[in-house]
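Contents: one structure, followed by commentary.
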Amino acid sequence: MRLEITRRAELAIRALALLGRSPGRVKASVLAEELGTTVSFVPQVLGPLVRAGWVQSDPGPTGGYRCRVPLSDVNVLQVIEAVDGATDIGRCVVADRPCQAADPCVLHVAWMVARNELVGVLQSTLMSGVGSAVA
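Residues in the sequence shown are numbered from 12 upward in steps of one, following the working numbering.
See below:
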């Protein structure tokens, strides 16, 4: 598990928060400006959210993006994993090998406790509780 998230995941969290608080569709150009990114990067950021069913993308001159679910139905871990993939890839944090509980590394127990705590906090943090979408 990484102890950081990608820029794309961070932007996706901010974008979903922004869309969830917007009354209608939001143009890609507006999202790009609010998020501090480029219009061409917006589809890369929102693509995983569209595939997850949380965001709707309407093409065309009157189109844009809109939130399809209440923010209280989605947690931060879900967004991170939708964008960056699984947080637990089953690798040892010390050695370049699969994690082996039968032959644990020196940090196995500590890492498992820390990982469980982090995952629990991210799971319990609903998108409705995420601060302002604009940093």
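We put the CB at the ideal spot given by N, CA and C, even for glycine.
With distance defined between alpha-carbon atoms, name the residue in Arg36, Asp99, Gln111, Cys116 nearest to leucine 129. Among Arg36, Asp99, Gln111, Cys116, the Cα nearest to that of leucine 129 is on Asp99.
For glycine 31, which residues of its own chain have a beta-carbon under 6 angstroms away from its beta-carbon, when the five flanking residues on both sides are left out? The residues Cys78, Leu82, in chain order, have a CB closer than 6 angstroms to that of glycine 31 in the same chain once the five nearest residues on each side in sequence are set aside.
Which residues does DSSP pair with glutamine 67 in a beta bridge? When beta bridges are read from the DSSP output, glutamine 67 appears opposite Arg77.
Do the region 40 to 50 and the region 92 to 109 touch if we need at least three Cβ pairs shorter than 8 angstroms? No: the two stretches stay apart, fewer than three of their Cβ pairs being nearer than 8 angstroms.
Taking leucine 27 and valine 85 to be in contact with their CB atoms under 8 angstroms, please state how far apart those CB atoms are, rounded to whole angstroms. The C-beta distance from leucine 27 to valine 85 rounds to 7 angstroms, short enough to meet the 8 angstroms contact threshold.
Checking 8 angstroms against the spacing of the C-beta atoms, do valine 94 and proline 54 come in under that value? A distance of 8 angstroms or more separates the beta carbons of valine 94 and proline 54.
With burial defined as no fewer than 16 other Cβ atoms inside 10 Å of the residue's Cβ, what is the status of alanine 146: buried or exposed? With a pLDDT of 45 at alanine 146, under the threshold of 50, the modelled position of that residue is not reliable, and the figure given next carries that caveat. That one is exposed.
Bridge partners for arginine 102 per DSSP, in chain order? Answer is Pro109, bridged to arginine 102.
Just how far apart, CA to CA, sit valine 66 and glycine 35? Rounded to the nearest angstrom, the two C-alpha atoms are 12 angstroms apart.
Determine the extent of the alpha helix (DSSP H) in which asparagine 127 is found, giving its start and end residues. Start and end: 119 to 135.
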